[in-house]
């Protein structure tokens, strides 16, 4: 039986780094209260061909949207809880119309999980309701959690290029995920900053 590393433990020189879309790899912040919580490296989207490779904007145009429980800044929100409790999940600023200032009708949501670059996940998420009301922070979190759940269902049958963040019942599972923030990483593309808590 093969041995797969546990993301909760250090493995190689990458364990102390995260990725900043502005600065590249940066030291991992240790601002998590839980000692078993680890940030998943963000793999920023970049087109591989076409005119956007040359002309695309790589600096964020829109502000990052954070997700926290009340009184627990920068700790994230359980994606499992977002799926189960939906809009009743207790999130700081739950009713805030977080993307109203952008003028966007929808965002392009991409998931690029470490070791699963070959698994395509690109979805349009509407951020304005049919009645014109902008999406709230909690409703956006529910949409993100639903996408991650479906991505995990699909990816558990894929072979990763690296076992470090392997999606499987014996390694990383959906219930381990915490939503930290949603970031505008390229043009109209948005991606999530995620942490794992394996306690």
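Residue numbers (UniProt numbering): 1 to 199.
We put the beta carbon where it would ideally sit given N, CA and C, even for glycine.
Asked	Found
Here's the rule: buried if 16 or more other CB atoms are within 10 angstroms of the residue's CB, otherwise exposed. What is residue 185?	buried
Which residues share a DSSP beta bridge with residue 193?	181
Alpha carbon to alpha carbon, how far is residue 56 from residue 187?	Residue confidence for residue 56 is low, a pLDDT of 49 falling below 50, so the modelled location carries little weight; the figure read from the coordinates is stated next. Going by the C-alpha atoms only, they are around 6 Å apart.
Which first and last residues belong to the beta strand (DSSP E) in which residue 109 is found?	106 to 110
Runs of 3 residues minimum, wholly inside the region 87 to 140: which ones carry the beta strand (DSSP E) assignment?	106 to 110 and 122 to 126
Can you check whether the CB of residue 94 is closer than 7 Å to the CB of residue 137?	yes
Any Cβ of chain D within less than 7 Å of the Cβ of residue 192?	In the displayed structure, chain D is absent; only one protein chain is listed.
First and last residue of the alpha helix (DSSP H) that includes residue 80?	79 to 85
Taking 7 Å as the cut-off, decide whether the C-beta atoms of residue 181 and residue 64 are in contact.	yes
Is the separation between the beta-carbon of residue 67 and that of residue 190 shorter than 7 Å?	no
CB-CB under 6 Å to residue 80, same chain, minus the five flanking residues each way: which ones, in chain order?	175
Taking the beta strand (DSSP E) that residue 39 falls in, what are its first and last residues?	37 to 39
Compare the beta carbon distance of residue 178 and residue 197 with 7 Å and say whether it is the shorter of the two.	yes
Please go through the same chain and pick out, in chain order, the residues whose beta-carbon is closer than 8 Å to the beta-carbon of residue 115, but skip the five residues on each side of it.	160, 161, 162, 163, 164, 165 and 166
When we look at the beta-carbon of residue 41 and count the other beta-carbons within 10 Å, is it buried (16 or more) or exposed?	buried
Suppose you measure from the CA of residue 38 to the CA of residue 192; what does that come to, to the nearest Å?	14 Å
How long is the line joining the alpha carbons of residue 99 and residue 127, rounded to whole angstroms?	7 Å
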